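Q: Structure below; questions to follow.
In our numbering, the protein residues as written are 268 to 405.
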């Protein structure tokens with residue numbers, strides 16, 4: 268379990284050359300079965316990626332409770348295809364409860380040539396998830 272953690276710093280990648288492999292980036296922890304009472308205030312900026320789970324608190328987790336993200340979470344990529352799950356709290360989670368996001372969530376792709384189908388799941392709280400309760404995205 269991860270609990271009572273705070274990130275105040277900016278996380279920035281200049282290049283993730285993972286065209287066929289995945290990456291996970293977040294403000295607190297990439298994966299945990301349970302996360303409680305954590306806060307991210309730092310911006311998370313990912314450049315040049317193709318396959319990633321990204322979130323202010325976690326990239327992929329099971330259960331997330333009472334967490335706050337106020338940092339901006341963004342992807343900027345020129346790859347011809349992107350597969351990503353991006354959320355203010357988590358890119359992907361089973362349960363998110365009593366969580367709040369006030370940061371801007373964005374995904375920008377700049378390559379307009381030879382585009383192939385993409386899967387981009389974006390949410391203020393979760394990019395992809397099963398259950399959310401008492402959450403707020405502002």
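Ideal placement from N, C-alpha and C gives every residue a C-beta, glycine not left out. Keep in mind it's a predicted model, so treat the numbers as computed, not measured.
1. Please classify residue 348: does DSSP put it in a helix, a strand, or coil?
2. Mapping DSSP to helix, strand and coil, what is residue 308?
3. Which residues in the same chain as residue 309 place their Cβ atom closer than 7 Å to its Cβ, once the five residues preceding and following it in sequence are excluded?
4. Residue 328 and residue 353 - do their beta-carbons sit closer together than 8 Å?
5. Which of the three DSSP states, helix, strand or coil, is assigned to residue 365?
6. Helix, strand or coil: how does DSSP classify residue 371 here?
7. Whole angstroms is fine: what's the gap from residue 350's alpha carbon to residue 271's?
8. So residue 319 is in the beta strand (DSSP E); what residue range does that whole segment cover?
9. Determine the extent of the beta strand (DSSP E) in which residue 390 is found, giving its start and end residues.
10. With DSSP collapsed to three states, give me the class of residue 278.
11. Just verifying my parser: in three-state terms, what is the DSSP assignment at residue 377?
A: Looking at the coordinates:
1. When DSSP states are grouped into helix, strand and coil, residue 348 belongs to the coil group.
2. In the three-state reduction of the DSSP assignment, residue 308 falls in the coil class, being assigned neither a helical nor a strand state.
3. By the criterion of a C-beta distance shorter than 7 Å, residue 309 is surrounded in its chain by 274, 275, 276, 277, 278, 294 and 338, once the five residues flanking it on both sides are discounted.
4. Contact annotation: residue 353 and residue 328 have beta-carbon atoms that are not nearer than 8 Å.
5. Assigned with DSSP and collapsed to three states, residue 365 falls in coil, not helix or strand.
6. DSSP places residue 371 in coil when its eight states are reduced to three.
7. Their backbone Cα atoms lie some 31 Å apart in a straight line.
8. That run of the beta strand (DSSP E) goes 318-322.
9. Note, residue 390: beta strand (DSSP E), 386-390.
10. Residue 278 falls in the strand class under three-state DSSP.
11. For residue 377, the three-state secondary structure derived from DSSP is coil.
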